[in-house]
Structures are given as C-alpha cells and as structure tokens.
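What follows is a short report on a single structure.
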Amino acid sequence: MTQLESDLRALYKSGFFENIRIEDRDGDVGKIVTYILKENPLIHSVEFLGNRSFTEFDFFSACQKKKLTPPAAMAFYDRQRIQETERIIKELMIRNGKARGTVQTEIERVPPSEVRIRFTINEEGEARP
Numbered sequence: 001m002t003q004l005e006s007d008l009r010a011l012y013k014s015g016f017f018e019n020i021r022i023e024d025r026d027g028d029v030g031k032i033v034t035y036i037l038k039e040n041p042l043i044h045s046v047e048f049l050g051n052r053s054f055t056e057f058d059f060f061s062a063c064q065k066k067k068l069t070p071p072a073a074m075a076f077y078d079r080q081r082i083q084e085t086e087r088i089i090k091e092l093m094i095r096n097g098k099a100r101g102t103v104q105t106e107i108e109r110v111p112p113s114e115v116r117i118r119f120t121i122n123e124e125g126e127a128r129p
C-alpha cells in the first residue's frame with residue numbers, strides 16, 4: 001500500500017469527511033499532492049416521530065449496551081451511526097411486539113452546512129399515505 005492510499009484510508013476512517021479527493025501535479029522538485037476534503041455536515045437536529053412502544057430511556061439504554069452514541073445535535077453526521085440507530089429502533093419494536101414495524105430515515109439539508117435527521121417510526125408496518 002502506498003503512503004497516499006494509507007492516508008486516504010485514515011482520512012475516511014476518521015469519519016469527519018463526506019468526500020475526499022487527491023490531486024497531484026509535477027512540481028519543480030517532485031510531485032505536489034493536494035487533498036480536497038468535503039467535511040461531513042453538522043447535525044442541526046434529530047427527531048423521532050411515531051414511537052409509542054418504547055421510552056426514550058429504553059432507547060438510550062439499548063444504545064449504551066451496543067456502545068453506540070446516537071446521533072445528536074452539533075455532532076458530525078455519520079451514515080453508519082444512522083444505520084446502527086435504525087437497527088436499534090427496529091430491535092426495540094420487535095422486543096415490544098411490533099415486529100412488522102418500520103423505520104424510515106430522512107436526511108434534510110439545512111443551509112449552509114448542516115442536516116436535520118428525522119426517524120419516522122411506523123409501529124404497525126402500514127404504508128404511509
């Protein structure tokens with residue numbers, strides 16, 4: 001693995017960047033390498049809609065057991081954390097007899113560089129109009 005590949009992997013693994021590009025050009029003495037980074041947006045707000053089968057305490061306890069810090073305002077957006085949060089919500093619904101329930105997540109851009117996250121919980125698994 002080259003140093004550039006190693007650097008690229010480390011930058012993505014940090015979780016701070018939405019997009020990373022590397023450009024290089026010849027300089028007077030060698031290559032000039034430029035990293036073009038697009039930072040992940042900050043989370044403006046997080047909403048949970050439609051939940052009736054478990055409490056906020058149940059949710060945070062389940063997150064703690066899985067060693068997951070749920071998405072929160074002023075944290076960086078992390079797609080993997082969102083997916084893990086969806087799984088925890090689904091597990092809580094199953095545990096509370098709502099196995100047909102669904103979770104839909106909406107990510108809404110809030111200018112200039114934030115996002116609003118909305119978890120819509122449909123405990124009955126019915127199609128929403």
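Numbering follows my numbering, with no gaps: position 52 of the sequence shown is 52.
We treat Cβ as the ideally placed atom computed from N, Cα and C, and that holds for glycine.
Because the structure is a prediction, the values reported are computed rather than measured.
Closer than 7 Å to chain C by CB, residue i
i: residue 74; result: No chain C is part of this structure, which consists of one protein chain only.
Reference residue i, options the options, closest by Cα
i: residue 82; options: 115, 12 and 33; result: 115
i: residue 101; options: 43, 32, 110 and 91; result: 91
i: residue 93; options: 122, 76 and 68; result: 122
i: residue 103; options: 57, 96, 66 and 124; result: 124
i: residue 16; options: 63, 60 and 78; result: 78
i: residue 107; options: 48, 12, 63 and 96; result: 48
i: residue 109; options: 45, 8, 71 and 95; result: 45
i: residue 80; options: 4, 61, 12 and 74; result: 12
i: residue 31; options: 56, 8, 4 and 60; result: 4
i: residue 96; options: 105, 9 and 58; result: 58
Boundaries of the beta strand (DSSP E) in which residue i is found, first to last residue
i: residue 123; result: First-last for residue 123: undefined, no H or E at that position.
i: residue 38; result: 31-39
i: residue 42; result: 42-49
i: residue 69; result: Premise fails: residue 69 is in no beta strand (DSSP E) and is neither H nor E.
i: residue 25; result: 17-26
i: residue 109; result: 102-110
Endpoints, the alpha helix (DSSP H) within which residue i is located
i: residue 60; result: 56-65
i: residue 7; result: 3-13
i: residue 79; result: 79-95
Burial state of residue i (16 or more Cβ within 10 Å)
i: residue 129; result: In this prediction, residue 129 has a pLDDT of 49, which is less than 50 and means its spatial position is unreliable; what the coordinates show is noted afterwards. Counting Cβ neighbours within 10 Å, residue 129 comes out exposed, since fewer than 16 surround it.
i: residue 67; result: exposed
i: residue 119; result: buried
i: residue 88; result: buried
i: residue 36; result: exposed
i: residue 85; result: buried
i: residue 117; result: buried
i: residue 98; result: buried
Whole-number beta carbon distance between residue j and residue i, since they are thought to touch under 8 Å
i: residue 20; j: residue 33; result: About 12 Å separates the two Cβ atoms, so there is no contact after all.
i: residue 70; j: residue 63; result: 5 Å
Counting Cβ pairs, one atom from each stretch, are 3 or more of them under 8 Å apart for the segment 20-38 and the segment 46-55?
-> no
Is there contact here, the segment 39-46 with the segment 105-125, by at least three beta-carbon pairs under 8 Å?
-> yes
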